[in-house]
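Undergrad: Going by the numbering used here, the first residue of the sequence shown is number 18, and it counts up by one from there.
The beta carbon of each residue, even a glycine, is placed where N, CA and C say it ideally should be.
What follows is a structure written as structure tokens; I'll ask about it next.
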Amino acid sequence: MARFPLTVRKAVKLKRLLSFRLTKTDLKERVKTVSKKGKFVFVLLLAAIGLAACSPFQKQGPVVDNFTFINQHNEEFGLEQLEGKVWIADFIFTNCETICPPMTAKLAAVQKELKAKGLDIEIVSFSVDPEVDTPERLNDYLAKFTDDDSNWNLLTGYPQERIETFALDEFETLVNKPSGSDQVLHGVNFYIIDQDGAVVNEFSFTDPELIDKMVEEIEKYAS
């Protein structure tokens with residue numbers, strides 16, 4: 018049987034093709050239901066909302082709306098600081114027991130490759146557990162993966178509901194913290210945003226050629 022990774026974007030396409038009344042709220046509620054069944058399902062669901070296609074989508078996605086949050090240095094950072102720049106976004110949290118550390122390690126490898134090519138691309142990691150992730154925790158977390166945070170901002174300073182809505186509205190991905198859990202469900206894609214603030218590509222963490230593909234794609238937009 019052919020594998021068919023269901024992404025939020027593909028769900029939207031299916032909705033249009035089949036006239037299936039599947040709203041963003043429906044998707045979010047299904048995640049809440051499934052997330053109650055334990056860590057095994059938690060990991061499987063990460064792969065599903067991880068939005069698992071191994072090649073980038075080749076169309077312009079949503080334009081990221083204005084935001085201003087707090088970075089790991091306890092400074093305000095937002096879309097104003099990213100104006101006119103190409104940047105990478107992802108979603109992580111410091112207490113993550115599964116996918117976040119290897120995600121951040123891969124992104125650090127992308128950072129290293131880009132700098133070797135003379136490309137100082139901004140990286141923005143949004144915490145999906147803001148009530149736990151203080152600026153100090155985020156700073157300590159990033160230090161485990163890179164000694165250069167000059168172009169890498171880890172953001173917090175918003176309510177849990179805000180990041181869940183923000184992720185869905187701006188990046189069409191799901192974030193959900195199940196009640197009573199210290200873990201958070203979230204997508205595992207990396208997003209490329211162009212100089213106009215549009216999400217122009219996304220790459221799955223599971224892609225074995227992720228680093229090379231991301232660097233190649235970013236070169237196109239940064240040139």
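Roughly how many whole angstroms lie between the Cα atoms of L171 and S144?
TA: Taking the straight line joining both Cα atoms gives about 7 Å.
Undergrad: Hey, how far is the Cα of V205 from the Cα of R179?
TA: Cα to Cα, V205 sits roughly 19 Å from R179.
Undergrad: Does the region 129-138 come into contact with the region 147-160, if we say contact requires no fewer than three beta-carbon pairs (one atom in each stretch) closer than 8 Å?
TA: The region 129-138, when compared against the region 147-160, does not touch it at the 8 Å Cβ threshold.
Undergrad: Considering just the uninterrupted stretch of the alpha helix (DSSP H) at V141, what are its terminal residues?
TA: Taken as a continuous stretch (DSSP letters only), V141 belongs to no alpha helix (DSSP H), being part of the beta strand (DSSP E) at 139-144.
Undergrad: Name the two residues that bound the continuous beta strand (DSSP E) containing I228.
TA: Note, I228: premise wrong, no beta strand (DSSP E); alpha helix (DSSP H) at 227-239.
Undergrad: Return the chain-ordered ranges of every beta strand (DSSP E) run that is complete within the region 86-121 and spans a minimum of 3 residues.
TA: The qualifying runs are 93-95, 104-109.
Undergrad: Among E233, Q128, V216, I210, whose alpha-carbon lies nearest the alpha-carbon of S167?
TA: With distances taken between Cα atoms, S167 lies closest to Q128.
Undergrad: Of all the options P152, P225, V232, which has the alpha carbon lying nearest to the alpha carbon of P119?
TA: Nearest of P152, P225, V232 to P119, Cα basis: P225.
Undergrad: Opposite S221 in the DSSP bridges: which residues?
TA: Beta-bridge pairing links S221 to N206.
Undergrad: By a C-beta neighbour count over all protein chains shown, 10 Å radius and 16 as the cutoff for buried, is A184 buried or exposed?
TA: That one is buried.
Undergrad: Under the DSSP definition of a beta bridge, which residues are partnered with L171?
TA: Beta-bridge pairing links L171 to S142.
Undergrad: In three-state terms, what does DSSP make of V192?
TA: Three-state result, V192: strand.
Undergrad: Do you know offhand how far S240's Cα is from F94's?
TA: Each residue's Cα considered, the two are about 25 Å apart.
Undergrad: Just reading off the alpha helix (DSSP H) that D157 is part of, what are its end residues?
TA: Unbroken alpha helix (DSSP H) run through D157: 152-160.
Undergrad: Quick check on K53: buried or exposed, where buried means 16 or more other Cβ atoms within 10 Å of its Cβ?
TA: For K53, the predicted structure reports a pLDDT of 47, less than 50, and the residue's modelled location is therefore unreliable. The matter cannot be settled from this model.
Undergrad: Per DSSP, A215 is paired with what?
TA: Looking at the DSSP assignment, A215 forms a beta bridge with V80.
Undergrad: Let me know the secondary structure DSSP gives D186 once reduced to three states.
TA: In this structure, D186 counts as helix in the three-state DSSP scheme.
Undergrad: By the 10 Å Cβ neighbour count, where 16 or more other Cβ atoms means buried, how is N241 classified, buried or exposed?
TA: Residue 241 lies beyond the residue range present for the chain, which begins at 18 and ends at 240; the question has no answer from this structure.
Undergrad: Under a three-way DSSP split, which group does P176 fall into?
TA: P176 falls in the coil class under three-state DSSP.
Undergrad: In whole angstroms, what separates the C-alpha of V60 from that of T190?
TA: The predicted model places V60 with a pLDDT of 47, which falls under 50 and marks its position as unreliable; any figure quoted below should be read in that light. So the two alpha carbons sit approximately 16 Å from each other.
Undergrad: Excluding sequence positions up to five away, which residues of its chain have a Cβ less than 6 Å from the Cβ of T85?
TA: Contacts found: E93, G95.
Undergrad: What do you reckon, are the CB atoms on K123 and L202 nearer than 8 Å?
TA: In this structure, L202 does not lie closer than 8 Å to K123 by Cβ.
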